[in-house]
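Sequential numbering of the sequence shown, starting at 45, is according to our numbering.
Using N, Cα and C, we set each Cβ at its ideal position, and we do this for glycine too.
Note that the structure is a prediction, hence the values are computed from the model and not measured.
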Amino acid sequence: MRRSKMTLGRGALRLDAPFRALLRPGRDVLPVYHPERPGWSVALRKLALLTGIVLLAIVYGVLVAILPPSLLVGAAAPLALLAMLVVWALPEARTAPTRALTRVYAAFVIVFIAWPNYLAIAVGGLPWISMRRLFGFVLTAILMICLSISKPFRQQVAEVLRASPWLSRLLIGFFIIQFLATIFSVAPGETIGRWVHMTFTSTAVCFATIWLFGPGGKSVPWLVNRLALVVFALMVIGVLEARTQHVLWLGHIPSFLRIEDAVLQQLIQPHIRGAYRVITTYTTPLAYGELLALTTPFILFRILNAKTWPMRLMWVAFDAFILYSAVLSTARLSLVGFIAAHALFGLCWGIHRWRNARGDMIGISATMIYPALMVALMLAVIFVPAIHIRVLGGGAAQASTDARSAQFHMAVPVIARRPLLGYGPGQGGGAINWRTPDGTLTIDLGLVALCADVGVFGFLAWMGTLLLSIVSLFRAGLRDATSPFPAEFAIAISLAVLISTRLVLAQSDNDPLFVILFGLSLATLYRARLRDRGDPIPGGMAAAGAGTH
(Lines of atoms letter the chains of each structure in order from A and count residues from 1; the text may use other names and numbers.)
(Lines give C-alpha, C1' and ligand atoms only; values in the text may rest on other atoms or scores of the structure.)
Protein backbone atom coordinates (compact mmCIF):
# COMPACT_ATOMS: atom_id res chain seq x y z
CA MET A 1 0.00 0.00 0.00
CA ARG A 2 1.26 3.45 -0.91
CA ARG A 3 2.24 5.62 2.04
CA SER A 4 0.29 8.86 2.34
CA LYS A 5 2.17 12.15 2.72
CA MET A 6 1.25 15.79 3.23
CA THR A 7 3.72 18.36 1.91
CA LEU A 8 4.02 21.73 3.68
CA GLY A 9 6.63 23.97 2.14
CA ARG A 10 9.99 22.28 1.91
CA GLY A 11 9.34 19.56 4.50
CA ALA A 12 7.09 16.55 4.43
CA LEU A 13 4.86 15.63 7.39
CA ARG A 14 4.08 11.93 7.67
CA LEU A 15 0.55 11.20 8.83
CA ASP A 16 1.65 7.99 10.49
CA ALA A 17 4.51 9.66 12.42
CA PRO A 18 2.65 9.85 15.79
CA PHE A 19 1.89 6.13 15.67
CA ARG A 20 5.46 5.23 14.77
CA ALA A 21 6.71 7.41 17.68
CA LEU A 22 4.71 5.32 20.12
CA LEU A 23 6.41 2.17 18.92
CA ARG A 24 9.86 3.72 18.92
CA PRO A 25 11.71 3.89 22.35
CA GLY A 26 12.06 7.45 23.64
CA ARG A 27 15.32 9.20 24.33
CA ASP A 28 16.84 8.42 27.73
CA VAL A 29 17.06 11.18 30.33
CA LEU A 30 20.76 10.53 30.86
CA PRO A 31 22.84 10.11 27.66
CA VAL A 32 25.11 7.56 29.31
CA TYR A 33 22.20 5.36 30.36
CA HIS A 34 21.54 2.19 28.35
CA PRO A 35 18.50 0.03 29.12
CA GLU A 36 19.14 -3.59 30.01
CA ARG A 37 18.36 -6.08 27.31
CA PRO A 38 15.75 -8.62 28.35
CA GLY A 39 17.09 -12.03 29.16
CA TRP A 40 17.34 -14.77 31.76
CA SER A 41 20.01 -12.97 33.79
CA VAL A 42 17.90 -9.83 34.16
CA ALA A 43 14.81 -11.85 35.06
CA LEU A 44 16.72 -13.83 37.69
CA ARG A 45 18.14 -10.67 39.27
CA LYS A 46 14.68 -9.09 39.48
CA LEU A 47 13.24 -12.31 40.92
CA ALA A 48 16.02 -12.44 43.54
CA LEU A 49 15.38 -8.82 44.50
CA LEU A 50 11.65 -9.40 44.83
CA THR A 51 12.24 -12.58 46.86
CA GLY A 52 14.63 -10.73 49.19
CA ILE A 53 12.09 -7.97 49.79
CA VAL A 54 9.35 -10.49 50.56
CA LEU A 55 11.59 -12.44 52.97
CA LEU A 56 12.65 -9.23 54.71
CA ALA A 57 9.00 -8.22 55.09
CA ILE A 58 8.21 -11.66 56.58
CA VAL A 59 11.09 -11.38 59.03
CA TYR A 60 10.02 -7.90 60.14
CA GLY A 61 6.43 -9.07 60.51
CA VAL A 62 7.53 -11.96 62.74
CA LEU A 63 9.75 -9.66 64.80
CA VAL A 64 6.92 -7.20 65.37
CA ALA A 65 4.66 -10.07 66.43
CA ILE A 66 6.98 -11.84 68.87
CA LEU A 67 9.38 -9.21 70.22
CA PRO A 68 8.49 -7.16 73.31
CA PRO A 69 8.01 -3.42 72.75
CA SER A 70 11.40 -2.63 74.30
CA LEU A 71 13.21 -4.54 71.50
CA LEU A 72 11.21 -3.20 68.55
CA VAL A 73 13.48 -0.18 68.31
CA GLY A 74 16.40 -2.39 67.36
CA ALA A 75 14.35 -4.06 64.65
CA ALA A 76 13.38 -0.68 63.24
CA ALA A 77 16.97 0.61 63.18
CA PRO A 78 17.67 -0.42 59.52
CA LEU A 79 14.50 1.34 58.41
CA ALA A 80 15.50 4.46 60.33
CA LEU A 81 18.95 4.41 58.73
CA LEU A 82 17.35 4.04 55.31
CA ALA A 83 15.09 7.03 56.00
CA MET A 84 18.10 9.09 57.11
CA LEU A 85 19.92 8.11 53.91
CA VAL A 86 16.96 9.26 51.83
CA VAL A 87 16.86 12.61 53.65
CA TRP A 88 20.62 13.04 53.27
CA ALA A 89 20.36 12.34 49.53
CA LEU A 90 17.76 15.04 48.94
CA PRO A 91 18.93 17.61 46.37
CA GLU A 92 19.92 21.13 47.33
CA ALA A 93 17.12 23.68 47.17
CA ARG A 94 16.91 27.44 47.31
CA THR A 95 14.31 27.31 50.08
CA ALA A 96 13.92 25.30 53.26
CA PRO A 97 10.66 24.50 55.09
CA THR A 98 11.44 26.89 57.94
CA ARG A 99 7.85 28.08 58.28
CA ALA A 100 6.74 24.50 58.91
CA LEU A 101 9.62 24.13 61.38
CA THR A 102 8.41 27.18 63.30
CA ARG A 103 4.81 26.01 63.46
CA VAL A 104 5.64 22.47 64.54
CA TYR A 105 8.07 23.84 67.14
CA ALA A 106 5.36 26.06 68.64
CA ALA A 107 2.95 23.12 68.68
CA PHE A 108 5.53 20.91 70.39
CA VAL A 109 6.13 23.48 73.15
CA ILE A 110 2.41 23.51 73.88
CA VAL A 111 1.86 19.76 73.58
CA PHE A 112 4.73 18.57 75.76
CA ILE A 113 3.41 20.66 78.65
CA ALA A 114 -0.36 20.60 78.18
CA TRP A 115 -0.83 16.97 77.12
CA PRO A 116 -0.42 14.27 79.80
CA ASN A 117 2.56 12.20 78.72
CA TYR A 118 0.94 9.04 80.09
CA LEU A 119 -1.97 9.29 77.61
CA ALA A 120 -0.92 7.58 74.37
CA ILE A 121 -2.71 6.89 71.10
CA ALA A 122 -3.41 3.17 70.54
CA VAL A 123 -4.95 2.21 67.18
CA GLY A 124 -5.22 -1.19 65.53
CA GLY A 125 -2.78 -2.99 67.81
CA LEU A 126 0.09 -0.68 66.87
CA PRO A 127 2.63 0.41 69.49
CA TRP A 128 1.41 3.25 71.69
CA ILE A 129 2.31 6.70 70.41
CA SER A 130 2.58 9.57 72.85
CA MET A 131 1.74 13.05 71.58
CA ARG A 132 5.10 14.36 72.74
CA ARG A 133 6.94 11.74 70.72
CA LEU A 134 4.69 12.23 67.68
CA PHE A 135 5.28 15.99 67.46
CA GLY A 136 8.97 15.47 68.28
CA PHE A 137 9.31 13.03 65.39
CA VAL A 138 7.72 15.49 62.95
CA LEU A 139 9.96 18.28 64.25
CA THR A 140 13.05 16.08 63.87
CA ALA A 141 12.11 15.15 60.29
CA ILE A 142 11.59 18.77 59.26
CA LEU A 143 14.84 19.83 60.92
CA MET A 144 16.78 17.11 59.09
CA ILE A 145 15.23 18.15 55.78
CA CYS A 146 16.23 21.77 56.40
CA LEU A 147 19.80 20.71 57.17
CA SER A 148 19.92 18.41 54.13
CA ILE A 149 18.57 20.67 51.39
CA SER A 150 19.68 24.14 52.50
CA LYS A 151 23.33 25.13 52.67
CA PRO A 152 22.48 28.59 54.14
CA PHE A 153 20.53 26.86 56.92
CA ARG A 154 23.55 24.73 57.81
CA GLN A 155 25.83 27.75 57.69
CA GLN A 156 23.57 29.73 60.00
CA VAL A 157 23.42 26.94 62.59
CA ALA A 158 27.21 26.60 62.43
CA GLU A 159 27.59 30.36 62.84
CA VAL A 160 25.55 30.29 66.05
CA LEU A 161 27.66 27.43 67.40
CA ARG A 162 30.89 29.25 66.54
CA ALA A 163 29.73 32.36 68.42
CA SER A 164 30.12 30.45 71.73
CA PRO A 165 32.69 27.73 70.95
CA TRP A 166 33.25 26.34 74.42
CA LEU A 167 29.57 26.28 75.23
CA SER A 168 28.85 24.52 71.94
CA ARG A 169 31.57 21.94 72.56
CA LEU A 170 30.21 21.14 76.01
CA LEU A 171 26.65 20.78 74.75
CA ILE A 172 27.56 18.64 71.73
CA GLY A 173 29.94 16.66 73.93
CA PHE A 174 27.08 15.86 76.28
CA PHE A 175 24.94 14.59 73.40
CA ILE A 176 27.83 12.40 72.20
CA ILE A 177 28.48 11.00 75.68
CA GLN A 178 24.77 10.34 76.06
CA PHE A 179 24.85 8.27 72.86
CA LEU A 180 27.95 6.34 73.96
CA ALA A 181 26.38 5.68 77.37
CA THR A 182 23.38 4.24 75.50
CA ILE A 183 25.53 1.87 73.42
CA PHE A 184 27.60 0.64 76.39
CA SER A 185 24.80 0.58 78.95
CA VAL A 186 23.95 -2.37 81.15
CA ALA A 187 20.65 -2.83 79.25
CA PRO A 188 21.10 -1.71 75.60
CA GLY A 189 17.68 -3.01 74.57
CA GLU A 190 15.97 -0.56 76.93
CA THR A 191 18.33 2.38 76.63
CA ILE A 192 18.29 2.49 72.81
CA GLY A 193 14.55 3.09 72.85
CA ARG A 194 14.99 5.76 75.49
CA TRP A 195 17.77 7.42 73.46
CA VAL A 196 15.56 7.53 70.37
CA HIS A 197 12.84 9.17 72.46
CA MET A 198 15.34 11.74 73.78
CA THR A 199 16.57 12.41 70.25
CA PHE A 200 13.06 13.26 69.06
CA THR A 201 12.00 15.26 72.11
CA SER A 202 15.27 16.85 73.29
CA THR A 203 18.27 16.82 70.93
CA ALA A 204 16.37 17.91 67.81
CA VAL A 205 14.41 20.47 69.84
CA CYS A 206 17.69 21.98 71.05
CA PHE A 207 19.06 22.52 67.54
CA ALA A 208 15.70 23.81 66.29
CA THR A 209 15.83 26.35 69.13
CA ILE A 210 19.35 27.37 68.16
CA TRP A 211 18.27 28.32 64.65
CA LEU A 212 14.80 29.63 65.47
CA PHE A 213 15.94 32.17 68.08
CA GLY A 214 19.20 32.99 66.36
CA PRO A 215 19.13 33.47 62.58
CA GLY A 216 15.44 32.51 62.52
CA GLY A 217 14.49 35.86 63.99
CA LYS A 218 12.19 34.70 66.80
CA SER A 219 12.53 36.54 70.11
CA VAL A 220 12.35 35.48 73.74
CA PRO A 221 8.96 37.25 74.21
CA TRP A 222 7.60 35.07 71.37
CA LEU A 223 8.47 31.98 73.41
CA VAL A 224 7.37 33.50 76.73
CA ASN A 225 3.90 34.32 75.39
CA ARG A 226 3.30 30.72 74.34
CA LEU A 227 4.84 29.30 77.50
CA ALA A 228 2.75 31.64 79.68
CA LEU A 229 -0.41 30.67 77.80
CA VAL A 230 -0.03 26.96 78.41
CA VAL A 231 1.19 27.40 82.00
CA PHE A 232 -1.82 29.63 82.74
CA ALA A 233 -4.12 26.89 81.41
CA LEU A 234 -2.41 24.37 83.69
CA MET A 235 -2.75 26.64 86.71
CA VAL A 236 -6.48 27.03 86.07
CA ILE A 237 -6.75 23.25 85.79
CA GLY A 238 -4.82 23.01 89.06
CA VAL A 239 -7.31 25.23 90.90
CA LEU A 240 -10.22 23.11 89.67
CA GLU A 241 -8.32 19.91 90.51
CA ALA A 242 -7.73 21.11 94.07
CA ARG A 243 -11.50 21.37 94.48
CA THR A 244 -12.32 17.93 93.02
CA GLN A 245 -9.33 16.21 94.70
CA HIS A 246 -8.40 14.28 91.55
CA VAL A 247 -7.28 14.92 87.95
CA LEU A 248 -10.18 16.32 85.95
CA TRP A 249 -10.10 13.77 83.08
CA LEU A 250 -10.05 10.70 85.29
CA GLY A 251 -12.97 8.54 84.16
CA HIS A 252 -13.39 10.51 80.91
CA ILE A 253 -10.50 9.09 78.85
CA PRO A 254 -11.58 8.08 75.29
CA SER A 255 -11.17 4.49 74.17
CA PHE A 256 -8.47 5.31 71.58
CA LEU A 257 -6.22 6.66 74.34
CA ARG A 258 -4.46 4.16 76.57
CA ILE A 259 -2.92 4.54 79.97
CA GLU A 260 -0.66 2.15 81.84
CA ASP A 261 -2.27 0.39 84.77
CA ALA A 262 0.49 1.45 87.16
CA VAL A 263 0.02 5.11 86.22
CA LEU A 264 -3.75 4.78 86.50
CA GLN A 265 -3.46 3.39 90.01
CA GLN A 266 -1.15 6.25 90.91
CA LEU A 267 -3.64 8.80 89.61
CA ILE A 268 -6.59 7.20 91.37
CA GLN A 269 -4.86 7.51 94.72
CA PRO A 270 -4.81 11.23 95.61
CA HIS A 271 -1.50 12.81 96.59
CA ILE A 272 -1.89 14.00 100.17
CA ARG A 273 0.62 15.77 102.39
CA GLY A 274 -1.50 17.61 104.90
CA ALA A 275 -3.61 18.73 101.94
CA TYR A 276 -4.25 17.54 98.40
CA ARG A 277 -1.23 18.01 96.10
CA VAL A 278 -2.07 19.29 92.62
CA ILE A 279 -0.39 17.51 89.66
CA THR A 280 -2.36 18.75 86.56
CA THR A 281 -0.94 16.98 83.45
CA TYR A 282 2.04 15.50 85.32
CA THR A 283 2.19 12.35 87.41
CA THR A 284 3.75 14.00 90.47
CA PRO A 285 3.38 17.46 92.03
CA LEU A 286 7.17 17.89 91.98
CA ALA A 287 7.38 17.94 88.18
CA TYR A 288 4.50 20.42 88.01
CA GLY A 289 6.20 22.55 90.65
CA GLU A 290 9.44 22.50 88.66
CA LEU A 291 7.61 23.89 85.61
CA LEU A 292 6.24 26.75 87.72
CA ALA A 293 9.69 27.54 89.12
CA LEU A 294 11.37 27.58 85.69
CA THR A 295 8.63 29.82 84.26
CA THR A 296 8.88 32.46 87.01
CA PRO A 297 12.01 34.30 85.67
CA PHE A 298 10.36 34.85 82.30
CA ILE A 299 7.26 36.34 83.94
CA LEU A 300 9.53 38.76 85.84
CA PHE A 301 11.16 39.58 82.52
CA ARG A 302 7.76 40.49 81.07
CA ILE A 303 6.86 42.59 84.11
CA LEU A 304 9.82 44.94 83.75
CA ASN A 305 9.65 45.12 79.95
CA ALA A 306 5.89 45.73 79.69
CA LYS A 307 5.04 48.78 77.57
CA THR A 308 1.95 49.87 79.53
CA TRP A 309 0.87 49.74 83.15
CA PRO A 310 -2.19 47.53 82.49
CA MET A 311 0.09 44.96 80.86
CA ARG A 312 2.53 45.22 83.74
CA LEU A 313 -0.23 44.65 86.28
CA MET A 314 -1.43 41.65 84.31
CA TRP A 315 2.01 40.06 84.49
CA VAL A 316 2.23 40.88 88.22
CA ALA A 317 -1.07 39.06 88.73
CA PHE A 318 0.36 36.15 86.73
CA ASP A 319 3.37 36.05 89.05
CA ALA A 320 1.07 35.96 92.10
CA PHE A 321 -0.93 33.16 90.45
CA ILE A 322 2.28 31.15 90.10
CA LEU A 323 2.93 31.53 93.84
CA TYR A 324 -0.61 30.38 94.64
CA SER A 325 -0.26 27.40 92.30
CA ALA A 326 3.09 26.49 93.90
CA VAL A 327 1.37 26.43 97.28
CA LEU A 328 -1.36 24.17 95.87
CA SER A 329 1.28 21.74 94.61
CA THR A 330 2.91 21.70 98.08
CA ALA A 331 6.20 21.05 96.27
CA ARG A 332 9.06 22.60 98.20
CA LEU A 333 11.24 22.84 95.11
CA SER A 334 8.58 25.05 93.52
CA LEU A 335 8.63 27.54 96.40
CA VAL A 336 12.43 27.44 96.62
CA GLY A 337 12.67 28.10 92.90
CA PHE A 338 10.11 30.91 93.12
CA ILE A 339 12.04 32.60 95.94
CA ALA A 340 15.41 32.08 94.22
CA ALA A 341 14.08 33.56 90.98
CA HIS A 342 12.89 36.73 92.70
CA ALA A 343 16.08 37.04 94.72
CA LEU A 344 18.32 36.72 91.65
CA PHE A 345 15.98 38.99 89.73
CA GLY A 346 16.52 41.79 92.25
CA LEU A 347 20.29 41.34 92.17
CA CYS A 348 20.54 41.32 88.36
CA TRP A 349 18.22 44.29 88.00
CA GLY A 350 20.13 46.34 90.58
CA ILE A 351 23.56 45.64 89.09
CA HIS A 352 22.30 46.30 85.55
CA ARG A 353 20.76 49.64 86.52
CA TRP A 354 23.84 50.64 88.49
CA ARG A 355 26.05 49.87 85.50
CA ASN A 356 23.97 51.45 82.74
CA ALA A 357 22.16 54.35 84.47
CA ARG A 358 24.99 56.63 85.50
CA GLY A 359 24.11 58.99 88.33
CA ASP A 360 20.97 57.02 89.24
CA MET A 361 20.79 56.11 92.94
CA ILE A 362 18.15 53.39 92.65
CA GLY A 363 20.46 50.81 91.10
CA ILE A 364 23.33 51.32 93.54
CA SER A 365 20.93 51.41 96.51
CA ALA A 366 19.22 48.17 95.48
CA THR A 367 22.60 46.49 95.03
CA MET A 368 23.98 47.68 98.36
CA ILE A 369 20.98 46.66 100.45
CA TYR A 370 20.73 43.29 98.69
CA PRO A 371 22.90 41.43 101.27
CA ALA A 372 20.69 42.71 104.09
CA LEU A 373 17.58 41.55 102.27
CA MET A 374 19.12 38.10 101.77
CA VAL A 375 19.94 37.83 105.45
CA ALA A 376 16.36 38.78 106.34
CA LEU A 377 15.04 36.17 103.91
CA MET A 378 17.28 33.47 105.37
CA LEU A 379 16.19 34.33 108.89
CA ALA A 380 12.55 34.13 107.84
CA VAL A 381 13.13 30.70 106.26
CA ILE A 382 14.85 29.45 109.41
CA PHE A 383 12.67 30.89 112.15
CA VAL A 384 9.17 31.33 110.65
CA PRO A 385 7.55 27.88 110.98
CA ALA A 386 5.18 28.17 108.00
CA ILE A 387 8.01 29.23 105.66
CA HIS A 388 10.52 26.82 107.19
CA ILE A 389 8.32 23.75 106.60
CA ARG A 390 7.37 24.75 103.05
CA VAL A 391 10.97 25.49 102.05
CA LEU A 392 13.27 23.31 104.15
CA GLY A 393 10.84 20.58 105.16
CA GLY A 394 9.84 19.13 108.47
CA GLY A 395 6.80 17.34 109.76
CA ALA A 396 5.21 15.32 106.97
CA ALA A 397 7.94 16.39 104.56
CA GLN A 398 10.80 15.15 106.72
CA ALA A 399 10.49 11.59 105.41
CA SER A 400 11.32 12.70 101.86
CA THR A 401 14.34 14.63 103.13
CA ASP A 402 15.63 11.54 104.94
CA ALA A 403 15.01 9.41 101.84
CA ARG A 404 17.13 11.71 99.66
CA SER A 405 19.95 11.58 102.18
CA ALA A 406 19.89 7.77 102.09
CA GLN A 407 19.82 7.77 98.28
CA PHE A 408 22.91 9.95 98.10
CA HIS A 409 24.94 7.65 100.35
CA MET A 410 23.85 4.59 98.35
CA ALA A 411 24.68 6.26 95.02
CA VAL A 412 28.33 7.12 95.69
CA PRO A 413 29.75 3.55 95.52
CA VAL A 414 27.40 2.68 92.64
CA ILE A 415 28.70 5.57 90.52
CA ALA A 416 32.29 4.69 91.44
CA ARG A 417 31.87 1.23 89.86
CA ARG A 418 31.09 2.70 86.39
CA PRO A 419 32.42 6.28 86.42
CA LEU A 420 33.15 6.78 82.70
CA LEU A 421 29.84 6.24 80.89
CA GLY A 422 27.55 5.24 83.73
CA TYR A 423 24.82 2.62 83.49
CA GLY A 424 22.92 4.11 80.54
CA PRO A 425 20.09 6.65 80.25
CA GLY A 426 17.35 5.77 82.72
CA GLN A 427 19.33 2.91 84.31
CA GLY A 428 20.98 4.84 87.14
CA GLY A 429 17.99 4.55 89.47
CA GLY A 430 17.87 0.79 89.05
CA ALA A 431 21.60 0.53 89.74
CA ILE A 432 21.27 2.55 92.94
CA ASN A 433 18.22 0.41 93.82
CA TRP A 434 16.68 2.56 96.54
CA ARG A 435 13.10 1.54 97.29
CA THR A 436 10.25 3.02 99.25
CA PRO A 437 8.77 1.09 102.21
CA ASP A 438 6.18 -0.44 99.85
CA GLY A 439 8.92 -1.71 97.50
CA THR A 440 8.67 0.91 94.74
CA LEU A 441 11.95 1.65 92.95
CA THR A 442 12.63 5.40 92.84
CA ILE A 443 15.36 8.03 92.68
CA ASP A 444 14.79 11.66 93.69
CA LEU A 445 18.21 13.27 93.25
CA GLY A 446 18.35 14.56 89.71
CA LEU A 447 22.06 15.39 89.52
CA VAL A 448 22.98 12.09 91.16
CA ALA A 449 20.74 10.17 88.74
CA LEU A 450 22.33 12.02 85.81
CA CYS A 451 25.80 11.05 86.97
CA ALA A 452 24.75 7.43 87.35
CA ASP A 453 23.11 7.44 83.90
CA VAL A 454 25.87 8.98 81.74
CA GLY A 455 28.92 8.87 84.00
CA VAL A 456 31.15 11.56 85.43
CA PHE A 457 32.16 13.03 82.07
CA GLY A 458 28.55 13.34 80.94
CA PHE A 459 27.68 14.97 84.24
CA LEU A 460 30.54 17.44 83.91
CA ALA A 461 29.52 18.27 80.32
CA TRP A 462 25.91 18.92 81.41
CA MET A 463 26.90 21.00 84.42
CA GLY A 464 29.56 22.81 82.40
CA THR A 465 26.97 23.76 79.79
CA LEU A 466 24.64 25.03 82.48
CA LEU A 467 27.18 27.02 84.51
CA LEU A 468 28.98 28.49 81.50
CA SER A 469 25.61 29.54 80.06
CA ILE A 470 24.70 31.35 83.28
CA VAL A 471 28.01 33.25 83.42
CA SER A 472 28.01 34.13 79.72
CA LEU A 473 24.38 35.27 79.74
CA PHE A 474 24.91 37.44 82.83
CA ARG A 475 27.90 39.17 81.24
CA ALA A 476 26.01 39.68 77.97
CA GLY A 477 23.01 41.08 79.83
CA LEU A 478 25.14 43.65 81.62
CA ARG A 479 26.30 44.99 78.26
CA ASP A 480 22.74 45.56 77.04
CA ALA A 481 21.85 49.14 77.90
CA THR A 482 18.66 49.26 75.80
CA SER A 483 16.41 47.03 77.89
CA PRO A 484 15.26 47.55 81.52
CA PHE A 485 15.73 43.82 82.10
CA PRO A 486 17.53 41.93 79.27
CA ALA A 487 16.36 38.52 78.14
CA GLU A 488 19.81 37.14 78.97
CA PHE A 489 19.07 37.63 82.68
CA ALA A 490 15.77 35.73 82.46
CA ILE A 491 17.41 32.72 80.80
CA ALA A 492 20.34 32.76 83.24
CA ILE A 493 18.02 32.91 86.27
CA SER A 494 15.89 30.06 84.92
CA LEU A 495 19.04 27.94 84.51
CA ALA A 496 20.07 28.80 88.07
CA VAL A 497 16.63 27.73 89.29
CA LEU A 498 17.11 24.51 87.32
CA ILE A 499 20.10 23.66 89.51
CA SER A 500 17.96 23.99 92.64
CA THR A 501 15.19 21.76 91.25
CA ARG A 502 17.54 19.07 89.93
CA LEU A 503 19.07 18.71 93.36
CA VAL A 504 15.86 17.07 94.61
CA LEU A 505 14.07 15.86 91.47
CA ALA A 506 15.08 13.28 88.85
CA GLN A 507 11.93 12.99 86.73
CA SER A 508 12.36 13.56 83.01
CA ASP A 509 8.99 15.23 82.35
CA ASN A 510 10.54 18.67 81.80
CA ASP A 511 13.64 17.53 79.88
CA PRO A 512 12.51 19.27 76.66
CA LEU A 513 12.35 22.56 78.57
CA PHE A 514 15.95 22.09 79.75
CA VAL A 515 17.32 21.71 76.24
CA ILE A 516 15.17 24.62 75.06
CA LEU A 517 16.95 26.74 77.67
CA PHE A 518 20.35 25.47 76.46
CA GLY A 519 19.51 26.21 72.82
CA LEU A 520 18.05 29.57 73.81
CA SER A 521 21.29 30.42 75.60
CA LEU A 522 23.38 29.80 72.48
CA ALA A 523 20.98 31.71 70.23
CA THR A 524 20.75 34.69 72.61
CA LEU A 525 24.51 34.90 73.01
CA TYR A 526 24.83 34.87 69.21
CA ARG A 527 22.42 37.77 68.89
CA ALA A 528 24.16 39.61 71.74
CA ARG A 529 27.47 39.26 69.93
CA LEU A 530 25.98 40.78 66.78
CA ARG A 531 24.49 43.58 68.87
CA ASP A 532 27.79 44.37 70.57
CA ARG A 533 29.58 44.54 67.21
CA GLY A 534 26.87 46.74 65.73
CA ASP A 535 26.03 44.17 63.04
CA PRO A 536 22.42 43.76 61.88
CA ILE A 537 20.61 40.85 63.47
CA PRO A 538 19.21 38.61 60.73
CA GLY A 539 15.46 38.29 60.68
CA GLY A 540 15.31 34.85 59.12
CA MET A 541 16.40 32.73 56.22
CA ALA A 542 15.26 35.30 53.68
CA ALA A 543 17.77 37.80 55.00
CA ALA A 544 20.56 35.33 54.32
CA GLY A 545 19.32 34.38 50.88
CA ALA A 546 17.92 30.96 51.77
CA GLY A 547 14.26 31.88 51.61
CA THR A 548 11.34 30.47 53.60
CA HIS A 549 8.32 28.34 52.93
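In this structure H315 is buried. Its beta-carbon is surrounded by 16 or more other beta-carbon atoms within 10 angstroms. Close CB contacts of C495 within its chain, under the 6 Å cut and outside five residues either way in sequence, are with I459, F503 (chain order).
Our two residues, A286 and G261, have alpha carbons roughly 40 Å apart in a direct line.
Bridge partners of L485 according to DSSP: R479. Excluding the 5 residues flanking it on each side, Y149 has same chain C-beta neighbours closer than 7 Å at L183, A252, L256, in chain order. Straight-line spacing of the CA atoms in L271 and V456 works out to 37 Å. In the DSSP assignment, K195 falls within the alpha helix (DSSP H) that extends over 195 to 207.
Closest by C-alpha distance to R147, out of D488, L377, F179, A127, is F179. The DSSP-derived three-state label of A455 is helix. In this structure, the beta-carbon distance from L377 to G333 falls below 8 Å. Looking only at I154, V153, W172, the smallest Cα-Cα distance to Y162 is reached by W172. In the displayed model, L301 falls within a strand according to three-state DSSP. A contact is defined here as three or more CB-CB pairs under 8 Å, and the stretch 528 to 545 meets this definition with respect to the stretch 568 to 584. Taking 8 Å as the upper bound for CB-CB distance, L388 and I543 are not in contact here, some 11 Å apart. Closest by C-alpha distance to V500, out of I157, T445, G217, I383, is G217. Taking 8 Å as the cut-off, the beta carbon of R238 is found closer than this to the beta carbon of P469.
Look at A166 here: in three-state DSSP terms it is coil, with no helix or strand label. For D363, the enclosing alpha helix (DSSP H) stretches over residues 353 to 373.
Taking each of S299, C392, A350, F276 in turn and checking the Cα distance to Y368, the smallest one comes out for F276.
In this structure, the beta-carbon distance from R346 to V280 does not fall below 8 Å. Shortest Cα-Cα distance from S299 to any of P556, A164, G105 involves A164.
With contacts defined as CB atoms closer than 8 Å, S208 and S527 fail to qualify as a contacting pair. Exclusion of the five residues before and after I221 leaves L465, V498, G499, F501, G502, A505 as the residues of its chain whose Cβ lies within less than 8 Å of its Cβ. In this structure A540 is not in contact with I560, their Cβ atoms being roughly 16 Å apart against a cut-off of 8 Å. Counting the other CB atoms within 10 Å of its CB gives E234 a total of 16 or more, which places it among the buried residues. Counting only the Cα atoms, W159 lies some 11 Å from A151. Contact annotation: L134 and I186 have beta-carbon atoms that are not nearer than 8 Å. If the five residues before and after L211 are omitted, its C-beta is found closer than 8 Å to the C-beta atoms of T509, L512, S513, S516, S565, L566, L569, all from its own chain and listed in chain order. Looking at the DSSP output, I316 sits in a beta bridge with Y320.
The C-beta separation of G474 from L489 comes to about 14 Å, leaving the pair out of contact by the 8 Å criterion.
DSSP lists I165 as the bridge partner or partners of I173. In its chain, beyond the 5 residues on either side, I347 have a beta carbon closer than 8 Å to the beta carbon of V360. F257 sits in coil when the DSSP states are folded into three classes, being neither helix nor strand. Considering only A370, S552, A140, the residue with the shortest C-alpha distance to V283 is A370. It is roughly 37 Å from the alpha-carbon of H296 to the alpha-carbon of L344.
For F562, the secondary structure class from DSSP, reduced to helix, strand or coil, is helix.
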